[in-house]
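There are 2 protein chains.
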Amino acid sequence: MSMNHEKLLDFIDRKDAKSLRQLFDMYPIIDIADLVNHIDDPIRTLYIFKTCTSDHTAELFSHLDSDHQEALLNLFSDKEVVSLLSNSYADDVADVVADMPANLVSRILRVADPSIRSEINSLLNYKPSSAGSIMTTEYITIPKTYTLNEALEKIKETGRDKETIYSSFVVDQKRKLIGTLKIEDILFSPGTKIVEDVMNQSFFSCKVTTDQEEVAQLFKRYDLSVLPVLNENSHLVGIITIDDIVDVIEQEASEDMQKMAKVIPIDDSYVDASVMLIARKSIPWLALLLVLGALSGFILNQFEEAFQSVAILAAFIPMLMDTGGNAGNQSATLITRGIALKEIVPKDFKTIFKKEAQVSVLVGLAVGGFAFLWINFLILIGFLKYETGFTAWTLEWFLSILRISGTVSLTLLFAIMIAKMVGSVLPLLAVKLKKDPAVMASPFVTTIVDVTALVVYFLLASFLFQLF
Amino acid sequence: MSMNHEKLLDFIDRKDAKSLRQLFDMYPIIDIADLVNHIDDPIRTLYIFKTCTSDHTAELFSHLDSDHQEALLNLFSDKEVVSLLSNSYADDVADVVADMPANLVSRILRVADPSIRSEINSLLNYKPSSAGSIMTTEYITIPKTYTLNEALEKIKETGRDKETIYSSFVVDQKRKLIGTLKIEDILFSPGTKIVEDVMNQSFFSCKVTTDQEEVAQLFKRYDLSVLPVLNENSHLVGIITIDDIVDVIEQEASEDMQKMAKVIPIDDSYVDASVMLIARKSIPWLALLLVLGALSGFILNQFEEAFQSVAILAAFIPMLMDTGGNAGNQSATLITRGIALKEIVPKDFKTIFKKEAQVSVLVGLAVGGFAFLWINFLILIGFLKYETGFTAWTLEWFLSILRISGTVSLTLLFAIMIAKMVGSVLPLLAVKLKKDPAVMASPFVTTIVDVTALVVYFLLASFLFQLF
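Next up, the structure:
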């Protein structure tokens, strides 16, 4: 049976509780949530929550978008809120609460069981993008004096509502983390051994304040599946599992990409972000570019005479700007990405710079050489008109054309070389200055490349045409 | 003790086997590999392989770069190669073999145990970026008739050299996959229950030919930790675990970013890629842009007269091009990213288009308005010189200046609107045409925006200055 939005509404309207309950056995809850997110009337949605089991509906609730969550919370009785909370993971509840208006937040915290309330509160108080904000507080702890058999018993008894049973955490009386114990360590060793003798004492951990990007790097580099999170006294306060990290990696890559495209990163998904928000995040860099654009204007202003005497020179400005800008952007992106992935570290900077210098010469020669042929072709077939003042097909006529194509392609060679050097130095410099390479690089690359390309262009033209 | 390259060389040269062996207990192997990758003399590296235990050195080997691997393989005796192979995971060996020259490959395959050989061969034969190429063939299978106690026994006996013990796979006599069994399902149920009654029958799976990006989407959407890979007869041939997916997500994000920056994606890390390779991947799009740049040249060619009579018009060309190009790139990036993350699906296209249209008007008005003020300011303070032909500070003089700033800012309004519409339509169109949105979008956005912005600019100028 394939499921769709109409069928779901039909079940609800016919009060067909049995079919609704069956849905949860037949489809992943996230797919059901997609359908429910299309139901506009919260009263109809409420029926699902009234008829299905609360562990199903708690997960369903966590996948709904925040408008639907808010509408439902307004319809729920206090008892229903309590049941929802007690069947959800604390980190999911904290995510929900973070998006709700103040009156709903205080209602949720009022009805919540004290232990849930303190967990939500502490998760909400961690800085966004910190390890504290993405960790969960549901994990298994085991005393170091247990035998492995006792440890396994504890996992069987308490593991059901924990985020993971694959790793347990060995703490002393003061909740100081002293070791980790994987389920395979328990299964592969004799059950009579003592936890302290089997546990792994050289484990990785992070602080609650550690940035989530750093946490993701640890997971990737050391192939971790779980990471304990400690407070300033080395007490265990939470764990982060690899499935949370998958989202972090996606989010960080999106942010880098948006920064490279000169958008101030949007936290929401594109679909959820409002028109005003997207506009507000897009305007600042465009305005900055415009301000910096005054410099190119100033240069062009200085060379007005050159245009007036050799009008065709203006025809190649967009070509030079676009090619230069893109060449610089290529280097900036490759290097920014390399830095983000920790492939490029400060001690490699000299090597990287040398490499980009070689790349820039190769690319400059290839693209410049190609431009030379292409521009001659465009003028010869008359696509671009150029009044040389000489009879067509005479030697002087040819030389005049070569002078134009030579000027443009030589400028391209220099522009590409400069663009690629600037595009690679700026992100490296940003790292040295402890700034974000993705943000630093882009608008300045464009401006520096524009200005230098124009100066080179007109100096070459002035020299080759002896205008001055 | 902090470790560095010199200390490591010192241990090797003093033949201090004990300290070398201790290293593996004190540091993550990937960090040791970083140090070994800096040893230029393979004979010295070989000493580590001769003195340390083979399960440590097998993992160390998998983290070395391919030059070091090749040099070591040339020094290894056949017996050492066999020991290396039997202590490595088949997918790691396949990755190594994929990078080796043919003579080494045939030597590896010749000395390999037949079962390892067939695994390597089959992994090598799957298309790059397919599920088959990233899967591993080491997993636990369990007959459906076992009790949970028997299943747990099998996991304890055979689990040590498997990629994961967290999930086992229930197959029938023909290796057809009929269910999956998590370790928690075993631990949380009475041991006398039969596997068939406990196993999960509605599991996700993929084909060997499924693209790795699709596999990553499944992991993210359904929070999977492992995914079985089936051949065309639904027989289980491998599994993919979430730690492999972390790499895929990074790789796909890097590829998208490189495409947006008009580089043909480089598979290697930036540091490993040769100068020639980077240059070769950077040139094609630059050359294409240059070819398309002929169109902007053609437009400017048509409006030569306008330049010659109002020279200041040229001064704003870079500003218009850069702002237009970036505005289009902003929309293209946000939408391409949304498509990559599956936030934007074809049925949303109308909504997205409407949203971008609204964004483009807001951004166009804001940036155009700002440009109006900024250009007036630049001319008034004399940073940009403009010969109006009127006495300074008279009404006519003011009107001439307003005519210029008005022309440029109106053009900006239109250019931004057009750029953002083109930047959002092209990736959506690419999806409809089943092309990659990241590749399609960028060079065409630039060209379309350049050409239309120039046409609008000169038409407005011609109208406002009554040049024609």
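Residue numbers (the numbering used here), protein chains in the order written: chain A, 1 to 468; chain B, 1001 to 1468. The beta-carbon is built from N, C-alpha and C at its ideal position, and this holds for glycine as well.
Closest Cα partner of residue i within the set the options
{"i": "A1306/B", "options": "T1057/B, S1129/B, E1184/B, V1455/B", "result": "V1455/B"}
{"i": "T1158/B", "options": "I1140/B, E1150/B, M1421/B", "result": "I1140/B"}
{"i": "T145/A", "options": "I186/A, D95/A, D197/A, S168/A", "result": "D197/A"}
{"i": "R1280/B", "options": "L1295/B, Y1270/B, I1264/B", "result": "I1264/B"}
{"i": "T1210/B", "options": "P1128/B, N1301/B, L1104/B", "result": "P1128/B"}
{"i": "Y386/A", "options": "V1170/B, G1297/B, F1353/B, F1444/B", "result": "G1297/B"}
{"i": "L1428/B", "options": "A1294/B, P1346/B, D1025/B", "result": "P1346/B"}
{"i": "I1418/B", "options": "Y1166/B, L1362/B, S1122/B", "result": "L1362/B"}
{"i": "E1080/B", "options": "G1368/B, R1014/B, A1112/B", "result": "A1112/B"}
{"i": "L85/A", "options": "I249/A, I120/A, A371/A", "result": "I120/A"}
{"i": "S1088/B", "options": "F1316/B, T1137/B, K1154/B, T1180/B", "result": "T1137/B"}
{"i": "F1372/B", "options": "T1407/B, K1355/B, P1143/B", "result": "T1407/B"}
{"i": "K262/A", "options": "I344/A, F444/A, F458/A", "result": "F444/A"}
{"i": "F1203/B", "options": "E1059/B, A1071/B, V1170/B, V1246/B", "result": "V1170/B"}
{"i": "I404/A", "options": "F458/A, I352/A, V431/A, K355/A", "result": "F458/A"}
{"i": "G1132/B", "options": "I1239/B, I1183/B, L1073/B, L1224/B", "result": "I1239/B"}
{"i": "S77/A", "options": "R110/A, A216/A, T447/A, V208/A", "result": "R110/A"}
Length of the line joining the Cα atoms of residue i and residue j
{"i": "L64/A", "j": "I43/A", "result": "15 Å"}
{"i": "S462/A", "j": "M1421/B", "result": "39 Å"}
{"i": "P1028/B", "j": "I1339/B", "result": "38 Å"}
{"i": "D55/A", "j": "D34/A", "result": "18 Å"}
{"i": "D1268/B", "j": "L341/A", "result": "12 Å"}
{"i": "L1334/B", "j": "V1449/B", "result": "17 Å"}
{"i": "K1471/B", "j": "E1006/B", "result": "The structure shown does not extend to residue 1471/B, since chain B is modelled only from 1001 to 1468, so the question has no answer here."}
{"i": "F1468/B", "j": "I1401/B", "result": "Since pLDDT at F1468/B reaches only 48, below the 50 mark, its modelled position is unreliable, and the value read off the structure follows with that caveat. Each residue's alpha carbon lies about 20 Å from the other."}
{"i": "M257/A", "j": "N329/A", "result": "12 Å"}
{"i": "A975/B", "j": "V271/A", "result": "With chain B represented from 1001 up to 1468, any question about residue 975/B goes unanswered, as that position is not in the structure."}
{"i": "L1020/B", "j": "S1062/B", "result": "18 Å"}
{"i": "V1093/B", "j": "A1102/B", "result": "15 Å"}
{"i": "T1192/B", "j": "L1148/B", "result": "6 Å"}
{"i": "N231/A", "j": "S122/A", "result": "12 Å"}
{"i": "L1152/B", "j": "N4/A", "result": "40 Å"}
{"i": "T452/A", "j": "T394/A", "result": "35 Å"}
{"i": "S115/A", "j": "S106/A", "result": "16 Å"}
{"i": "T413/A", "j": "A287/A", "result": "For the sequence presented, residue 413/A should be read as Leu rather than Thr. Cα to Cα, L413/A sits roughly 30 Å from A287/A."}
{"i": "T53/A", "j": "L46/A", "result": "13 Å"}
{"i": "D41/A", "j": "K156/A", "result": "42 Å"}
{"i": "Y1166/B", "j": "L290/A", "result": "56 Å"}
{"i": "W374/A", "j": "L1227/B", "result": "52 Å"}
{"i": "E184/A", "j": "M199/A", "result": "11 Å"}
heavy atom of the ligand COA below 7 Å from residue i C-beta
{"i": "L1109/B", "result": "The ligand COA is not part of this structure, which contains no ligands at all."}
Beta-bridge pairing of residue i - partner residues as DSSP gives them
{"i": "D211/A", "result": "S130/A"}
{"i": "P1228/B", "result": "I1239/B"}
{"i": "N200/A", "result": "T180/A"}
{"i": "I1194/B", "result": "T1147/B"}
Taking Cβ-Cβ distances below 8 Å as the criterion, which residues of the segment 243 to 263 of chain A are in contact with chain B?
-> Against chain B - using a Cβ distance shorter than 8 Å - the residues of the segment 243 to 263 of chain A are D243, I245, V246, D247, I249, E250, A253, S254, D256, M257, Q258, M260, A261, K262, V263.
Relative to chain A, which residues along the segment 1292 to 1324 of chain B have a C-beta separation below 8 Å, given in chain order?
-> Closer than 8 Å at the C-beta level to chain A, one finds these residues of the segment 1292 to 1324 of chain B: G1293, A1294, S1296, G1297, F1298, L1300, N1301, E1304, F1307, Q1308, A1311, I1312, A1314, A1315, F1316, I1317, P1318, M1319, M1321, D1322, T1323.
Could you name the residues of the segment 1188 to 1218 of chain B whose beta carbon sits closer than 7 Å to any beta carbon of chain A, in the order they occur along the chain?
-> Those residues of the segment 1188 to 1218 of chain B that come within reach of chain A (Cβ to Cβ, closer than 7 Å) are F1188.
Within the segment 241 to 299 of chain A, note down every full alpha helix (DSSP H) run reaching 4 residues or more, in order along the chain.
-> With a minimum length of 4 residues, the continuous alpha helix (DSSP H) runs that stay inside the segment 241 to 299 of chain A are 242 to 260.
Along the chain, which unbroken stretches of the beta strand (DSSP E) at least 3 residues long are found entirely within the segment 116 to 184 of chain A?
-> 167 to 171, 177 to 182, all fully within the segment 116 to 184 of chain A.
List in chain order: all unbroken alpha helix (DSSP H) runs of 4+ residues lying wholly within the segment 16 to 62 of chain A.
-> Here the runs fully enclosed are 17 to 26, 29 to 36, 42 to 51.
Select from the segment 137 to 163 of chain A all residues with a C-beta closer than 7 Å to any C-beta belonging to chain B, and list them in chain order.
-> Listed by position, the residues of the segment 137 to 163 of chain A near chain B (Cβ gap below 7 Å) are I155, K156, G159, R160.
At a Cβ cut of 7 Å, what residues of the segment 1341 to 1362 of chain B count as close to chain A, listed as they run along the chain?
-> Contacts with chain A (Cβ-Cβ distance below 7 Å) from the segment 1341 to 1362 of chain B involve L1341, E1343, I1344, D1348, K1355, Q1358, V1359, L1362, listed in chain order.
In chain order, what residues of the segment 1382 to 1412 of chain B put their CB closer than 7 Å to some CB of chain A?
-> From the segment 1382 to 1412 of chain B, only F1383, L1384, K1385 have a Cβ closer than 7 Å to chain A.
Scan the segment 1215 to 1239 of chain B for residues whose Cβ lies nearer than 8 Å to a Cβ of chain A and list them as they occur along the chain.
-> Here the close residues are F1219, K1220, R1221, Y1222, D1223, S1225.
Members of the segment 266 to 285 of chain A that neighbour chain B once the beta carbon cut-off is set at 8 Å | Hits within the stretch, in order: I266, S269, Y270, V271, V275, M276, I278, A279, S282, I283, W285.
Continuous beta strand (DSSP E) assignments of at least 3 residues falling wholly in the segment 329 to 380 of chain A | Segments of the beta strand (DSSP E) lying fully in the segment 329 to 380 of chain A: there are none.
Please list the residues of the segment 68 to 96 of chain A that have a C-beta atom closer than 7 Å to any C-beta atom in chain B, keeping them in chain order.
-> Correct list: empty, as no residue qualifies.
Output, in sequence order along the chain, the residues in the segment 17 to 29 of chain A whose CB is closer than 7 Å to any CB in chain B.
-> Shown in chain order are the members of the segment 17 to 29 of chain A whose Cβ falls below 7 Å from a Cβ of chain B: P28.
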